[in-house]
Amino acid sequence: MLTLAEVETLARTAHEGQTDKAGRPYAEHLRAVAEGVRSRGGDDEQIAAAWLHDSVEDDALTGEWLRAAALSDRTKRIVLAVTKRAGEPPQAYAARILATPGALLVKEADLAHNADPDRLAVLDEPTRTRLTEKYARMRALLGLPARPVH
């Protein structure tokens, strides 16, 4: 099995050169989500999933890689649960997360970092408004409090 340090290195390498909407290195988001999972009481499998949560969705790693990776089945299920699928309605995405043990905590940490006012502040107003509404809708679908805990 891969250690958390190996998973972190893998995720950082897979997303190397990618930036978030604010132009920051994407690895900063991965680190923040992993730390958010840890601070919310997540276990090592959830922390590993947090490091990898966008890897398949962003095509940084393939689904085939994930299936063959030396990771627990639970970690793989969490990564796949939080991976958005093209054309998938938000309700179906939320239902999959809620049906997958351990996935809600990872998505909660992801949403909290995405909705961080400091991150949103550097975006233009239309983008900031669109993303704030999008994250609030997903929090509601997941049954999470309206205001994220950072």
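The sequence shown maps to residues 1028 to 1177 in our numbering.
In this text, a Cβ means the ideal position worked out from N, Cα and C, and glycines have one as well.
By DSSP, does residue i sit in helix, in strand, or in coil?
i: P1052; result: strand
i: M1165; result: helix
i: H1080; result: coil
i: P1116; result: coil
Starting from the Cα of residue i, find the closest Cα among the options and give me that residue.
i: T1030; options: L1093, Y1162, A1097; result: A1097
i: K1048; options: A1167, R1065, D1145; result: D1145
i: R1101; options: H1080, D1085, E1084, A1121; result: H1080
i: E1055; options: E1152, G1069, A1077, R1067; result: A1077
i: H1140; options: L1158, D1071, G1129, P1153; result: L1158
For residue i, which beta-bridge partners are listed by DSSP?
i: T1046; result: P1052
Rounded to the nearest angstrom, what separates residue i and residue j at their Cα positions?
i: W1075; j: I1124; result: Note that residue 1075 is Ala in the sequence shown, not Trp. Computed Cα separation, rounded: 16 angstroms.
Which same chain residues end up closer than 8 angstroms to residue i when comparing Cβ atoms and leaving out the 5 residues on each side of it in sequence?
i: S1082; result: A1038, A1041, H1042, L1088, L1093, V1106
i: P1116; result: none
What residues in its chain sit with their C-beta under 7 angstroms from that of residue i, if we drop five residues either side in the sequence?
i: L1131; result: I1124, L1125, L1169
i: R1104; result: T1127
i: R1065; result: I1074
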